[in-house]
Every structure is written in structure tokens, then in C-alpha cells.
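Peer 1:
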């Protein structure tokens, strides 16, 4: 029984000074406008990762990263909610990704790393604990020359990755380089052979000793990298933001005093998520959780409010 309006871009909300929303105005492709009334409004228009000005304001560390999300994520919910008296939090939180295949726009998923692969810069040197997480690693990749790193792994991890659609797409696109020997893979990637020998010898020694490296990573318990080798040139990316409008247990938008606005709700990327104030708090599924959970909470409460 839900009517879905297509080709209708919301441009403004209609509300009382106390923040009670009465409706919205949308614009059609031909430039005409249409006003729609409502008894409650649920903001479900995601975050602001597609808005360069807002990213610069709230998350400057990732503003040079490639944006890998929907261009409609312009922060409308945050802008409208704040205009009505809503408050925001964790606006510096986001999901980054340190494995976007450069020039191909395909994410190379993180089992390549957590199962024993590494990332090196164009000098053939590791530069961080890449296994801590793909989200927080994105900024470290962007700090390298050319904002480039190489995700480096072997046949064992290559075989494991075949279960992922994105990886199979990367193979078809030609993003994955393969070399039967270290010499061959270095020739194809232009990574310095002597430095790569040193890098691989170092992590082999760490695997044998069980010691942590200088970045705090352990290589024990994982099979050592062995030829044939694989590599893919990657850069850091911004997928979506995790901060947003503060909401209560019913997904009602809260004002600066922690009181709910009369009939405004938010969910998904429009609402403050659970990732905290930076990229390290993001875990896979955090965004889906706020979308499905807040969406249900908002829908149930809004329906009951209208019924009452």
C-alpha cells in the first residue's frame, strides 16, 4: 500500500518554528514542483559522502580519497534536520576502503590481507599494520606517493578470493597482475626487486619468530607468501559516512537538549551510526544495521503516533 514517487527530488521541507514537519516540496525533471503533506517524516536519504564541501568540513583526512558511493549522498538529511533544530554527532566517522583498484573502480576485498597478504608503497616498503582494517587503512594509503599502494599476495590467497564477485570482476578487467617469480611480478608492477626481497624476507622471519612487526602486526599462523605472486594497484576510497542526526530509541531526531523533535525520524546514513568518530570504528554491516534497525523503529513509532 505504499506509493513510491519517482523522478521527484525533494528540495525543501515545510515545518513550523517548533520543528513539526507538515510536508515537503519536490521538483520534477521538467522543473515543475509538487507539494506533499505528511503527519510524520522519516529521513532515509543516507549520508554526505558525495558532498565535497561537507567532507572537507567534517572529514578532511579522506577528502582526497576516491568517492565510491551514490552521488545522491549529499547530506540533505543532516542539512534539513539541523535547520529544524536537530543535533548531530560523530560527523568525522566514515567507512573508508584501502583496496579500491586504481583505474578500475573495483574494491579488492580484505581477505587478501587478513589471510597473509601485505600492502607496499611504490618503493616496495610496507607502511602500516594493514591487517587492522580496510577502513582505517585508507588514509595510510592516501599518504603514500601518488596516493597509491600495491596489495601483494600469492596463489593461496588468489584462489581464496575467487569466491567473491568483485575479485572475479577485477580479474576480468585486468586489474590483477601475476608473476611466476618475484622478478616477474616486480617487472610488471615496477616495484624495486631488492626492496621487495627484503620486505618478504622480513615478514618470513616474523612468521618464524612469532614476533610482532614494528606496526604491531603478527604474521604467525599464516602460510608464508610464495610464488607465483599476485599484485593489484590500489588507492584509498571513501564509501559512506557514519555520522549524522542524533536519534532516540524510536529513531526520533533529537534536539540539542536531547529532546525529540515532534514528528521527524532518521535512519541509515541520515542518522548517527555506531561506528564512532573515526574510520577505525567501522565494521562490515554497520551501515546496514542502522538502515534496517532504525528503519523499523521509525516506521513502527511513526505509524503508532499517527494512529493515536
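Numbering (the working numbering), first residue to last: 124 to 431. A virtual CB, placed ideally from N, CA and C, is assigned to each residue, including glycine.
1) Given a cut-off of 8 Å on the beta-carbon distance, is the pair residue 392 and residue 410 in contact?
2) Considering only DSSP beta bridges, list what residue 165 is partnered with.
3) Can you tell me whether residue 416 is helix, strand or coil according to DSSP?
4) CB-CB under 6 Å to residue 432, same chain, minus the five flanking residues each way: which ones, in chain order?
5) Looking only at its chain, what residues have a beta carbon closer than 8 Å to the beta carbon of residue 403, apart from the 5 residues adjacent to it on each side?
6) Does the distance from the CB of residue 170 to the CB of residue 377 come in under 8 Å?
7) Tell me residue 157's beta-bridge partners as DSSP assigns them.
8) Which same chain residues end up closer than 6 Å to residue 329 when comparing Cβ atoms and leaving out the 5 residues on each side of it in sequence?
9) If contacts are defined as beta-carbon pairs under 8 Å, then residue 344 and residue 252 qualify, I think. What distance do you get, rounded to the angstrom?
10) Strictly under 8 Å for the Cβ-Cβ distance: is residue 236 near chain C by that measure?
11) Taking 8 Å as the threshold, find out whether the segment 261-272 comes into contact with the segment 227-245 through three or more Cβ pairs.
12) Can you tell which of 305, 332, 188 has the C-alpha that lies nearest to the C-alpha of residue 266?
13) Hey, residue 359 and residue 264: beta-carbon distance below 8 Å or not?
14) For residue 362, does the three-state DSSP call read helix, strand or coil?
15) Does DSSP put residue 142 in a helix, a strand or coil?
16) If you follow the alpha helix (DSSP H) that residue 290 is part of, which residue opens it and which one closes it?
17) Closest to residue 354 by C-alpha separation, out of 308, 230, 367, 334, would be which residue?
18) Measure the alpha-carbon distance for residue 397 versus residue 316 and round it to whole angstroms.
19) If residue 367 sits next to residue 389, beta carbons under 8 Å apart, how far is it from one beta carbon to the other, in whole angstroms?
20) Looking at C-alpha atoms only, which residue of 420, 383, 214, 408 is the closest neighbour of residue 143?
21) With distances taken between CB atoms, is the gap from residue 365 to residue 218 smaller than 8 Å?
Peer 2: In this structure, then:
1) Within the chain shown, residue 392 is the residue found at index 269, counting from 1. Within the chain shown, residue 410 is the residue found at index 287, counting from 1. Yes.
2) In the chain shown, residue 165 corresponds to position 42, counting from 1. Partner(s): 388.
3) Residue mapping note: residue 416 aligns to position 293 of the chain shown, counting from 1. Residue 416 falls in the helix class under three-state DSSP.
4) Nothing can be reported for residue 432: it is not among the residues displayed for the chain, which extend from 124 to 431.
5) Taking the first residue of the chain shown as position 1, residue 403 is located at position 280. Answer for residue 403: 255, 256, 258, 259, listed in chain order.
6) Sequence index remark: in the chain shown, residue 170 carries index 47 (1-based). Sequence index remark: in the chain shown, residue 377 carries index 254 (1-based). In this structure, residue 377 does not lie closer than 8 Å to residue 170 by Cβ.
7) Against the chain shown, residue 157 aligns to sequence position 34. Per DSSP, 149.
8) Counting from one through the chain shown, the residue named residue 329 turns up at place 206. Contacts found: 336, 342.
9) Counted from its first residue, the chain shown places residue 344 at position 221. Counted from its first residue, the chain shown places residue 252 at position 129. That belief does not hold up - the Cβ atoms of residue 344 and residue 252 are roughly 16 Å apart, past 8 Å.
10) Reference to chain C is not applicable here, since this structure consists of a single protein chain.
11) yes
12) Residue mapping note: residue 266 aligns to position 143 of the chain shown, counting from 1. Cα-wise, what sits closest to residue 266 is 188.
13) Locating residue 359 in the chain shown gives position 236, where the first residue counts as 1. Locating residue 264 in the chain shown gives position 141, where the first residue counts as 1. Yes.
14) The residue labelled residue 362 in the question sits at position 239 within the chain shown. Three-state result, residue 362: strand.
15) Within the chain shown, residue 142 is the residue found at index 19, counting from 1. Correct three-state label for residue 142: coil.
16) In the chain shown, counting from the first residue as 1, residue 290 sits at position 167. Taken as a continuous stretch (DSSP letters only), the alpha helix (DSSP H) holding residue 290 covers 288-296.
17) On the chain shown, position 231 is the one that residue 354 refers to. Among 308, 230, 367, 334, the Cα nearest to that of residue 354 belongs to 308.
18) Reading the chain shown from its first residue, position 274 is the one you call residue 397. Reading the chain shown from its first residue, position 193 is the one you call residue 316. Roughly 43 Å between the two C-alpha positions.
19) For the purposes of this step, residue 367 is taken as the residue at position 244 of the chain shown. For the purposes of this step, residue 389 is taken as the residue at position 266 of the chain shown. Going by Cβ atoms, the distance from residue 367 to residue 389 rounds to 7 Å, so yes, they are a contact pair.
20) Reading the chain shown from its first residue, position 20 is the one you call residue 143. Of the listed residues, the one whose Cα sits closest to residue 143 is 383.
21) What you label residue 365 is simply residue 242 of the chain shown in a count that begins at 1. What you label residue 218 is simply residue 95 of the chain shown in a count that begins at 1. In contact: residue 365 and residue 218 (Cβ atoms closer than 8 Å).
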